[in-house]
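In my numbering, the protein residues as written are 14 to 326.
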């Protein structure tokens with residue numbers, strides 16, 4: 014059976030949603046949102062804020078190991094922060110070379126570095142040498158900035174620098190999240206490096222999981238928005254549920270939705286909490302008609318108390 018990994022999703026999959034999704038489906042590990050590293054060694058709370066799981070054996074409540082993702086462009090600073098993070102015993106350290114967000118890229122983070130394979134090599138090597146050998150160092154990358162001309166160079170540089178696994182999102186930075194993906198380039202990267210390559214990009218259902226494995230030749234697949242849109246996708250892939258969502262699945266989701274909302278209500282200010290629930294429902298309605306109906310009921314609601322009533326209805 015191939016390994017299934019829950020992707021890092023900035024602004025979407027925080028520790029609350031990670032906890033819910035890893036209850037709904039079995040993942041070999043999950044990756045956090047990124048910790049931005051720039052110019053200083055961060056205090057421990059900077060890491061535990063992004064990954065509270067570090068205070069619980071670096072696992073979600075369901076037992077899924079959690080790797081913490083770092084993002085930056087300074088090899089020395091990244092190495093120093095990786096060493097600090099390693100003291101907290103994460104399940105692994107992941108390096109972000111995939112985030113396409115303009116604000117991040119303007120500050121030389123994420124996918125903005127994909128024209129500089131030499132820098133990627135130095136970052137991977139510095140981080141690898143700064144942490145214990147038993148701690149996995151992985152990296153997530155896109156295929157390039159505007160085109161794929163340096164995709165193989167970047168992948169080779171990361172692997173040669175010491176990244177033990179590469180998760181490859183099958184789009185360039187400019188592609189953003191457009192439906193069209195370039196799975197064939199993930200296959201080329203898999204053939205070009207000696208480390209495991211994890212395929213990522215546009216897997217929304219079991220058919221998509223099968224297709225990406227055939228197209229890339231990769232055994233392992235990272236699930237992102239597809240797992241948020243269907244929290245049982247990992248179980249469908251593993252054969253533990255029917256391949257298509259149904260009404261029974263929606264009923265099975267109810268305690269997860271309720272738990273998610275309760276945690277969001279407890280963690281966020283009342284004016285911010287509703288947006289988090291709407292964000293998830295907006296993706297769930299891709300697969301569940303009931304989610305569409307609920308989303309329409311709550312879309313215009315701005316008070317958390319009003320959403321409490323809508324969810325209880």
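All residues carry an ideal CB built from backbone N, CA and C; glycine is no exception.
| query | Can you name, in chain order, every residue of its own chain whose Cβ lies under 7 Å from the Cβ of residue 328, other than the five neighbours on each side? | reply | Summary: the structure shown does not reach residue 328, with the chain confined to residues 14 through 326, and so no result is reported for it.
| field | Start-to-end residues for the beta strand (DSSP E) that takes in residue 182 | value | Along the chain shown, read from residue 1 onward, the residue named residue 182 stands at position 169. Per DSSP, residue 182 belongs to the beta strand (DSSP E) from 178-182.
| query | So residue 174 packs on residue 133, CB below 8 Å; how close in whole Å? | reply | Here residue 174 corresponds to residue number 161 of the chain shown, with the count starting at 1. Here residue 133 corresponds to residue number 120 of the chain shown, with the count starting at 1. At roughly 7 Å, the Cβ-Cβ gap stays under 8 Å, so residue 174 and residue 133 are in contact.
| query | In angstroms, rounded to a whole number, what distance separates the CA positions of residue 222 and residue 242? | reply | The sequence position of residue 222 within the chain shown is 209, counting from 1. The sequence position of residue 242 within the chain shown is 229, counting from 1. Cα-Cα distance, rounded: 14 Å.
| query | Going by alpha carbons, who is nearest to residue 283 out of 257, 219, 320, 113? | reply | Here residue 283 refers to the residue found at position 270 when the chain shown is read from its first residue. Out of 257, 219, 320, 113, 320 has the C-alpha closest to the C-alpha of residue 283.
| Any heavy atom of the ligand ZN within a distance shorter than 6 Å of the CB on residue 237? | Only the bare structure without any ligand can be found here, which leaves the ligand ZN out of the picture.
| query | In this structure, does DSSP put residue 22 in helix, strand or coil? | reply | One-based indexing of the chain shown puts residue 22 at position 9. Of the three classes helix, strand and coil, the one that applies to residue 22 here is coil, per DSSP.
| field | Candidates 316, 123, 107, 195, of which the one nearest residue 224 by Cα | value | For the purposes of this step, residue 224 is taken as residue 211 along the chain shown, with counting starting at 1. Comparing Cα positions, the closest option is 195.
| request: Drop a sphere of 10 angstroms on the beta-carbon of residue 258, count the other beta-carbons inside from all chains shown, and report buried for 16 or more, exposed for fewer. | output: To locate residue 258, count along the chain shown from 1; it is residue 245. With 16 or more Cβ atoms within 10 Å of its Cβ, residue 258 is classed as buried.
| query | Is it buried or exposed for residue 105, if we count other Cβ within 10 angstroms and need 16 for buried? | reply | Mapped onto the chain shown, residue 105 falls at position 92. Residue environment: residue 105 is assigned as buried (16 or more neighbouring CB atoms within 10 Å of its CB, all protein chains considered).
| message | Taking the beta strand (DSSP E) that residue 151 belongs to, which residues open and close that run? | response | Taking the first residue of the chain shown as position 1, residue 151 is located at position 138. Segment 150-154, the beta strand (DSSP E) holding residue 151.
| request: Kindly confirm or deny that the region 56-63 and the region 287-295 touch, where touching means at least three C-beta pairs closer than 8 Å. | output: no
| query | Is residue 108 helix, strand or coil when you go by DSSP? | reply | Your numbering for residue 108 matches position 95 in the chain shown. Correct three-state label for residue 108: strand.
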